[in-house]
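Going by this note's numbering, the sequence shown opens with residue 686, and the numbers climb by one from there.
See below for the structure under consideration.
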Amino acid sequence: MKILYDGQIFSASRNRGINRYFNNLIQHLSSELSPAIITNSISNNYPTHPNLKLHCCRGRQILPQKVYDWYEKAYFRAVALLGQFDVVHPTHYVSIARCALSSYQSRLNYPVVLTIHDLLPELFPDQLDRLGDERFFKREAIEVAQVIICVSENTKKDLIEYFSIPEEKVTVTHLASNINTSHSYGSEPVPSSPYYLYVGGREYHKNFDRCLQAFAHAASVQPDLYLCFAGAPFNQNERRLIAELGLEQRILHYEYPHDNHLAKLYRCSIGLVYPSLYEGFGIPPLEAMSCGTVAISSNTSSIPEVVGDAGIIVDPESVHDLAEALLWLLDHPIERDKLIYKGCERAKLFSWQKTANKTMEVYYSIAN
């Protein structure tokens, strides 16, 4: 079976989470499958697979980004004409226009599989999609796809409700963690004082303000407690809020730590604090459990689906509840150890091989 993917998401400048999803998916496909990717001449961020074929789309270094994006889409369609593929799996609904998606069916008779990771633009349009571009392209992509893969049952439920599509068109394949827990004992630096860890972006739905407010309360009770951030540098507004709460000396930051360093930061922390208002899946809580720490996370969207009863679930809109959870975990080491054990066991339920196996079932079900 031959599967065609576009290569836009594999550029280093693209969404890191979706990049990892397709990397891991393709790497874990059976050797009976033959994946093909439209690529460019400068990126080396592509998956490994014994039958992988790369079709090189040159010119990125001399073309403006918008022109190059159009050029790569056109090249994608041209390669599709070269051979009989069985399934087309676009890496993102925005990166492929509807005319391209429709052409796979009307002109080439290729069935289309589409993965939906979340409904953030639909739920937070004013903060995340003011112009409506993502919602527009997503709706068009959904209309032409034969099968839609969602990364959680909650995302499936939201998708069906929001877009009014039949349930039989949607299937679920959970994600998995990239973290190698055996690498959490390296020489990478970690804070010497007790700390909670925050991992990932800090967009509106991540609930950064309430997270800081809750930690400020906990820090006033525990004078040696720190909050460590792993990810992008703080922007001006974030630095201002940290200063207003008097937390300049209680906040630590590691800019984009590599996976081995991140694994150690997880393992050595009191716990992960993850009060997101909405997640399509929620990788950090899964990483935390696999690395041997406790996830304090939200009772919303897909997060309880990931954490189950192996973590602490709170109302993300309650600063009081989040602060109490931070203090409770510090004061109950025996209960913390029990949660760590349960988390490690629960993390074993998720693997990229399971993700790939369920995706291959989808491919075979609609292949010509």
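Even for Gly, the Cβ is constructed at its ideal location relative to N, Cα and C.
In this text the structure is predicted, and so the values were computed from the model without any measurement.
Simplified DSSP assignment, three categories, for residue i
i: H734; result: coil
i: V992; result: helix
i: P960; result: coil
i: A955; result: According to the sequence displayed, residue 955 carries Ile and not Ala. It is coil, neither helix nor strand.
i: L897; result: helix
i: L1007; result: helix
i: H740; result: strand
i: V875; result: coil
i: T1040; result: helix
i: P908; result: coil
i: L1024; result: helix
i: K1033; result: coil
Alpha-carbon spacing of residue i relative to residue j, whole angstroms
i: P879; j: I864; result: 22 angstroms
i: N794; j: M686; result: 15 angstroms
i: P810; j: S872; result: 43 angstroms
i: A830; j: L947; result: 37 angstroms
i: Q693; j: Y731; result: 11 angstroms
i: L912; j: H802; result: 28 angstroms
i: A901; j: N892; result: 14 angstroms
i: H1005; j: L737; result: 51 angstroms
i: A980; j: D1022; result: 12 angstroms
i: L1011; j: H734; result: 43 angstroms
i: L1007; j: P1001; result: 7 angstroms
i: K823; j: T1044; result: 20 angstroms
i: I747; j: Y690; result: In this predicted model, I747 has a pLDDT of only 48, less than 50, meaning its place in the structure is not dependable; the value taken from the coordinates is given anyway. C-alpha separation (whole angstroms): 24 angstroms.
i: A903; j: S1003; result: 14 angstroms
i: I722; j: A899; result: 45 angstroms
i: I827; j: G886; result: 27 angstroms
i: V832; j: E1046; result: 11 angstroms
Whole-number beta carbon distance between residue j and residue i, since they are thought to touch under 8 angstroms
i: A973; j: L950; result: About 10 angstroms; that fails the 8 angstroms criterion.
i: S975; j: A1041; result: No, S975 and A1041 are not in contact; Cβ-Cβ is about 18 angstroms, not under 8 angstroms.
i: E888; j: L813; result: 7 angstroms
i: V991; j: G967; result: 5 angstroms
i: V798; j: Y1026; result: Wrong, their Cβ atoms sit about 37 angstroms apart, outside the cutoff.
i: L1014; j: I955; result: 6 angstroms
i: I1051; j: V836; result: In fact, because the Cβ distance is near 19 angstroms, the residues do not count as touching under 8 angstroms.
In DSSP terms, what residue i is bridged to
i: F914; result: Y883, H938
i: I1054; result: Missing from the structure shown is residue 1054; the chain here goes from 686 to 1053 and no further.
i: Y690; result: I722
i: I645; result: The structure shown does not extend to residue 645, since the chain is modelled only from 686 to 1053, so the question has no answer here.
i: T866; result: Per DSSP, none; premise fails for T866.
i: V773; result: L689, V797
Quiz item: Considering only residues of the stretch 779–859, which uninterrupted beta strand (DSSP E) runs meet the minimum length of 3 residues and lie entirely inside it, listed in chain order?
Solution: 798–801, 832–835, 855–857
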